[in-house]
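A.B. asks: Provided herewith is a single structure, encoded as structure tokens, for subsequent inquiry.
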Amino acid sequence: MNYRIEKDVLGEVKVPNDVYWGINTQRAIQNFQISGKRFPNIFIMSLAQLKKACLVANMELGLIDKEIGAAILQAVNEILKEEKHLDQFPIDIYQTGSGTQTNMNMNEVLANRASQILGSPMGKKHPVHPNDHVNKSQSSNDVIPSTMHISTVQMIQKL
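Under full-length UniProt numbering, the first residue of the sequence shown carries the number 1, and numbering increases by one thereafter.
And the structure:
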């Protein structure tokens, strides 16, 4: 297996070349090997819906460059409309209480895919940054509880 080296203030981490997640997700995979259970696809899709809503709002407010916003929108629509990339969310459901790792997992997947759409390699956090662009004006303490509400409503509607 081939790897890329990603760096942050905590150091370097080897991330498989063929995945859209990044350094935060890779650390979470290593640190939270608890149950082997993953979030269901409905939760991941709900998180993608929320990220899309936040993206559209940030674009309308002029807080995200149009080209970057369009690439993130294409990436999130690949999840929502085509159900692609659902295998890119490997983190155990048992993690920290705020769900920061899952939020960052989505941010990294969308940022890396959007950067790829724009012709750049994954793992560089450029031109699309997981925090500065995908997670703009958001907090895990808001994103994860809101995602729980969205996915709960969707599950109830299926009954």
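In this text, a Cβ means the ideal position worked out from N, Cα and C, and glycines have one as well.
For Met-106, which residues from the same chain have a beta carbon less than 8 angstroms from its beta carbon, with the 5 sequence-adjacent residues on both sides left out?
C.D. replies: Closer than 8 angstroms at Cβ, skipping near neighbours: Ile-44, Leu-47, Ala-48, Lys-51, Phe-89 and Val-134.
A.B. asks: Are the beta-carbon atoms belonging to Arg-113 and His-149 less than 8 angstroms from one another?
C.D. replies: Taking 8 angstroms as the Cβ cut-off, Arg-113 and His-149 do not qualify as a contacting pair.
A.B. asks: Can you tell me whether DSSP reads Lys-52 as helix, strand or coil?
C.D. replies: In this structure, Lys-52 counts as helix in the three-state DSSP scheme.
A.B. asks: Whole angstroms are fine: how far does the CA of Gln-95 sit from the CA of Pro-16?
C.D. replies: If you take the alpha carbons of Pro-16 and Gln-95, they lie about 21 angstroms apart.
A.B. asks: Assess contact between the region 1–9 and the region 59–67, defined as three or more Cβ pairs (one per stretch) separated by less than 8 angstroms. Is contact present?
C.D. replies: No, they do not touch.
A.B. asks: Cβ of Asn-103 within 8 angstroms of Cβ of Ser-140?
C.D. replies: It is a contact, given that the beta carbons lie within the stated cut-off.
A.B. asks: Quick one: measure Cβ to Cβ for Ala-71 and Leu-10, integer angstroms, because I've assumed they're closer than 8 angstroms.
C.D. replies: Wrong, their Cβ atoms sit about 27 angstroms apart, outside the cutoff.
A.B. asks: Thinking just about the alpha-carbon of each residue, which of Ile-42, Asn-77 and Gln-138 is nearest to the one in Lys-158?
C.D. replies: Closest option to Lys-158, Cα to Cα, is Ile-42.
A.B. asks: Taking the alpha-carbon positions, what's the Met-59 to Leu-73 distance?
C.D. replies: Cα to Cα, the separation comes out at about 10 angstroms.
A.B. asks: Pick out whichever of Glu-82, Gly-97, Thr-25 and Ser-146 has its Cα sitting closest to the Cα of Asp-8.
C.D. replies: Taking only the C-alpha atoms, the option nearest Asp-8 is Thr-25.
A.B. asks: Taking the alpha carbon of Glu-12 as the point to measure from, which residue in Asn-131, Gly-123 and Val-128 has its own alpha carbon closest?
C.D. replies: Considering only alpha carbons, the answer is Gly-123.
A.B. asks: Is Asn-77 near the ligand SAM, judged by its Cβ being under 7 angstroms from some heavy atom?
C.D. replies: Among the ligands in the structure shown, none appear at all, so the ligand SAM cannot be discussed.
A.B. asks: Less than 8 angstroms separating the beta-carbons of Ser-35 and Ile-93?
C.D. replies: Result yes, Cβ atoms of Ser-35 and Ile-93 sit closer than 8 angstroms.
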